[in-house]
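Chemist:
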Amino acid sequence: MANLCHEIRCLLVNCLINMSQATVLLPFLWMVIGIEVCIVKLCAANLNLPMYYSCAIVDDEQHAIDVLHDYIEDIRFLKLFSAFNNPFDALRIISACDKIDFLFLDIDMDGMKGTELSQHLRSKARFVIYASAYLENDVRKIDSSFECYLGKPISMKRFAGTIDKLIRLNNLPIKNENSL
Numbered sequence: 006m007a008n009l010c011h012e013i014r015c016l017l018v019n020c021l022i023n024m025s026q027a028t029v030l031l032p033f034l035w036m037v038i039g040i041e042v043c044i045v046k047l048c049a050a051n052l053n054l055p056m057y058y059s060c061a062i063v064d065d066e067q068h069a070i071d072v073l074h075d076y077i078e079d080i081r082f083l084k085l086f087s088a089f090n091n092p093f094d095a096l097r098i099i100s101a102c103d104k105i106d107f108l109f110l111d112i113d114m115d116g117m118k119g120t121e122l123s124q125h126l127r128s129k130a131r132f133v134i135y136a137s138a139y140l141e142n143d144v145r146k147i148d149s150s151f152e153c154y155l156g157k158p159i160s161m162k163r164f165a166g167t168i169d170k171l172i173r174l175n176n177l178p179i180k181n182e183n184s185l
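Sequential numbering of the sequence shown, starting at 6, is according to the working numbering.
1. Quick one: measure Cβ to Cβ for Ile134 and Cys153, integer angstroms, because I've assumed they're closer than 8 Å.
2. In terms of alpha-carbon separation, which member of Val63, Leu83, Ile62, Asp94 lies closest to Met56?
3. Considering only residues of the same chain and omitting the five flanking positions on each side of Glu78, which have a CB-CB separation below 8 Å?
4. Determine, using beta carbons only, whether Ile159 and Ala136 come nearer to each other than 8 Å.
5. With distances taken from CA atoms, which of Ser87, Leu96, Asp103 is nearest Asp71?
6. Which runs of the alpha helix (DSSP H) at least 4 residues long sit entirely within the stretch 80–117? Give them in chain order.
7. Taking Ser137 as part of the beta strand (DSSP E), name the residues at either end of that continuous run.
8. Restricting to Cα atoms, I'd like to know which of Lys170, Ala138, Asn175 is closest to Ala69.
9. Using the Cα positions of Glu41 and Glu66, report the straight-line distance between them to the nearest angstrom.
10. Rounded to whole angstroms, what's the CA-CA distance from Asp169 to Leu110? Just pull it up for me.
11. Out of curiosity, what's the CA-to-CA distance linking Gly119 and Ile99?
12. For the beta strand (DSSP E) containing Leu155, name the first residue and the last one.
13. My guess is that Pro92 and Leu122 are in contact by the Cβ rule of under 8 Å, so how many angstroms apart are they, rounded?
14. Using a 10 Å radius around the Cβ and a threshold of 16 neighbouring Cβ atoms, would you call Lys114 buried or exposed?
15. Check Ile159 in the structure and name its three-state DSSP category.
16. Distance check for Met161 and Asp75, CA to CA, integer angstroms please.
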């Protein structure tokens, strides 16, 4: 299937190159580009490669949500499913949905600690990543079942490194930079 997709893509690119001088056919060129995008999506679907990894953020501080949201947007293969500033809303909505890939949890939230929320949502998240001002060793004493820890304030370098580490250690497919 991958070879067929590649051959079709090459044919379309050759059509674009050969027709690029014909300005009369400009609308056709846009149609061919649209077909190529559809083929890329179809090939990814048929190879069972998701176009992105889904993320959810639970933190009672809006600034922390905004920082993580910006970092998620900066990585093409991540997509924010939802962000919650209330752990009870997160529990209700995430429990009712399909499994997400990355769950970012603050530890110290009003009403329910992130460690408690993690126990409820563990089966709904491929990876639980604590994002907290607590020291990592203190967090490990509270809950040893999480995959990673991001100390606040979170840098983009540390965020991207954590995502990369989890993907590589678990032999997950690396998303193609050309995927949407």
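All residues carry an ideal CB built from backbone N, CA and C; glycine is no exception.
Modeler: Considering the structure as presented:
1. 5 Å
2. Leu83
3. A distance below 8 Å between beta-carbons, with the five flanking residues on each side excluded, links Glu78 to the following residues of its chain, in chain order: Leu85.
4. Yes, they are a contact pair.
5. Ser87
6. Entirely contained in the stretch 80–117, the alpha helix (DSSP H) runs reaching 4 residues are, in chain order, 92–100.
7. 130–137
8. Ala138
9. Model confidence at Glu41 stands at a pLDDT of 48, short of 50, so the residue's coordinates are unreliable; what they give is reported in the following sentence. When rounded, the distance between both Cα atoms is 42 Å.
10. Their Cα atoms are separated by approximately 18 Å.
11. Annotation: Gly119 to Ile99 spans about 14 Å, alpha carbon to alpha carbon.
12. 153–156
13. 5 Å
14. As written in the sequence, residue 114 is Met, which differs from the Lys given in the question. Buried, because 16 or more other Cβ atoms sit within 10 Å of the Cβ of Met114.
15. coil
16. 9 Å
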